[in-house]
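Read left to right, the sequence shown gives residues 176 to 536 (this note's numbering).
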Amino acid sequence: MRILDKYILKEFLAPFFFGVAAFTAIFLGADTLLKIASYVTKYGASSESALKIFILALPRIVVYTFPMAVLLGALMCFSRLSGSSELIVMRSSGQSFLRLATPVFLLSLAISICAVAFNEYVVPWTNSEYQYVLNVEIRRNLNPGVTDHVVIRDVQGGKIVHLLYARKYDPQTKQLENITVQEFQNEEVTRVENAPTAVWKDGVWYMTNGVIYDLTGDGVDRMMHFESQAIPYAQSPEDIPKENKDLDEMTIRELLLTKKAYAAAHADTTGITMEIYRRFSLPMASFVFAIVGAPLGVQKQRSSSSVGFGISVVIIFLYYAIMTFLEALGKGHLMPAFLAVWLPNMIAFVTGCYLIWRVDR
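The following block contains the structure:
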């Protein structure tokens, strides 16, 4: 790595780390700390539970603050270099702006890739633990009522064997309703079982008055009706509300399996599809924001750190406002799920490329 690249990265890293700390603190103060205060006053949450909630909320917040911090870092880095005329000296030696900004872009891409991994292996687990602490330790609600969209997986030897979807679980009647069970061999569906209800009896779930479809590559091979069919791998009624996860508590593999279960039961998979796309689009916003922030900083009148911070806040507000609006359109089936999630990044990327082209002229 050249000395110039190291110098530019040094200028980028200081405001980047400041941005991570500042934006994280803003999120914590505006949302998490208020919730913790509410839990303490309303439910009498202990200091230990409040501390757990605070720590477990951090990973989810950090995923959102990384793109903001990258934007601030890129904008402030090139704003300072431009304001002190160092950028002019660098470019007078024959270096294009794109070449000068390349180390920031590459580091931002690395941050995005690390954020994808962080969002896959850390955030779902902390979100799940957050809900457990909230429901069990704070609200003391071990039986939270009706659970919609129950998905139960039977995994053996690392491979999915059975996948059960139930539209609803009612703890009062201890019944699963509108059930679809898929049986797999080598990741391929070989049998589908449908039943209107399943009841808990003698430690086992029993589906009643259902239909079995044996499948081949050409379609349905045969169809059979049954009066009662056991589901030996399914969880007990007490475990279903605790084990059933929200979308933000699942890994991508779990989301794909859940989507498959929803599709087999002809349930709407739009929300799951958008969540899968979001696991990549949100971390990749770090790279996109670097492309936008770097050329925006090349203005002498923007060398002030307070102005740079303000510009970052405005851009971030516009980005997340557009993202929220488009996601609402996607969930309302007014826009394809892929576009609803990725279009904000596409708009920012094209805008950044145009700004780089204009600066390089």
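For every residue, glycine included, the Cβ atom is placed at its ideal position computed from N, Cα and C. In this text the structure is predicted, and so the values were computed from the model without any measurement.
Simplified DSSP assignment, three categories, for residue i
i	result
residue 209	helix
residue 366	strand
residue 234	helix
residue 193	helix
residue 477	With a pLDDT of only 46 at residue 477, under 50, the local geometry of the prediction cannot be trusted, and no value is derived from it.
residue 217	helix
residue 186	helix
residue 358	strand
residue 533	helix
residue 330	strand
residue 299	helix
residue 421	coil
residue 352	strand
residue 519	helix
residue 371	strand
residue 321	coil
Chain D contact for residue i (CB, 8 Å cutoff)
i	result
residue 261	In the structure shown, chain D cannot be found, because there is only a single protein chain.
Opening and closing residue of the beta strand (DSSP E) in which residue i lies
i	result
residue 509	Where residue 509 is concerned, there is no enclosing beta strand (DSSP E), given that its DSSP letter is neither H nor E.
residue 405	394 to 406
residue 277	Run containing residue 277: none in the beta strand (DSSP E); it sits in the alpha helix (DSSP H), 272 to 296.
residue 382	379 to 391
residue 342	334 to 345
Distance, residue j Cα to residue i Cα
i	j	result
residue 415	residue 325	8 Å
residue 184	residue 278	7 Å
residue 426	residue 262	43 Å
residue 478	residue 428	Here residue 478 scores only 47 on pLDDT, less than 50, and its place in the model is too uncertain to base an answer on.
residue 388	residue 191	56 Å
residue 317	residue 413	Bear in mind that the predicted position of residue 317 carries a pLDDT of just 49, short of 50, making it unreliable; the figure below should be weighed with that in mind. Whole-angstrom Cα-Cα distance: 8 Å.
residue 356	residue 411	17 Å
residue 194	residue 275	22 Å
residue 515	residue 457	12 Å
residue 215	residue 386	50 Å
residue 213	residue 293	29 Å
residue 225	residue 206	14 Å
residue 346	residue 374	11 Å
residue 288	residue 490	22 Å
residue 529	residue 323	46 Å
residue 313	residue 232	15 Å
residue 436	residue 521	31 Å
residue 384	residue 419	25 Å
residue 504	residue 487	26 Å
residue 499	residue 186	32 Å
residue 296	residue 260	43 Å
C-beta contact flag for residue i and residue j at 8 Å
i	j	result
residue 211	residue 229	yes
residue 339	residue 409	yes
residue 241	residue 286	yes
residue 424	residue 302	yes
residue 291	residue 513	no
residue 445	residue 506	yes
residue 447	residue 471	no
residue 236	residue 203	yes
residue 234	residue 321	no
residue 367	residue 351	no
residue 362	residue 449	no
residue 527	residue 467	yes
residue 249	residue 469	yes
residue 531	residue 273	yes
residue 227	residue 330	no
Start and end residues, alpha helix (DSSP H) containing residue i
i	result
residue 431	427 to 439
residue 124	For the chain, the structure presents residues 176 to 536; residue 124 sits outside this window and is missing.
residue 311	Where residue 311 is concerned, there is no enclosing alpha helix (DSSP H), given that its DSSP letter is neither H nor E.
residue 267	261 to 267
Meets three-Cβ-pair contact criterion under 8 Å: the stretch 325 to 335 and the stretch 248 to 257:
Between the stretch 325 to 335 and the stretch 248 to 257 there are fewer than three inter-stretch CB-CB distances shorter than 8 Å, so the stretches are not counted as touching.
The stretch 211 to 221 in contact with the stretch 436 to 453 per 3-pair CB rule at 8 Å
no
Pairing CB atoms from the stretch 378 to 392 with CB atoms from the stretch 451 to 462, are three or more of them under 8 Å?
no
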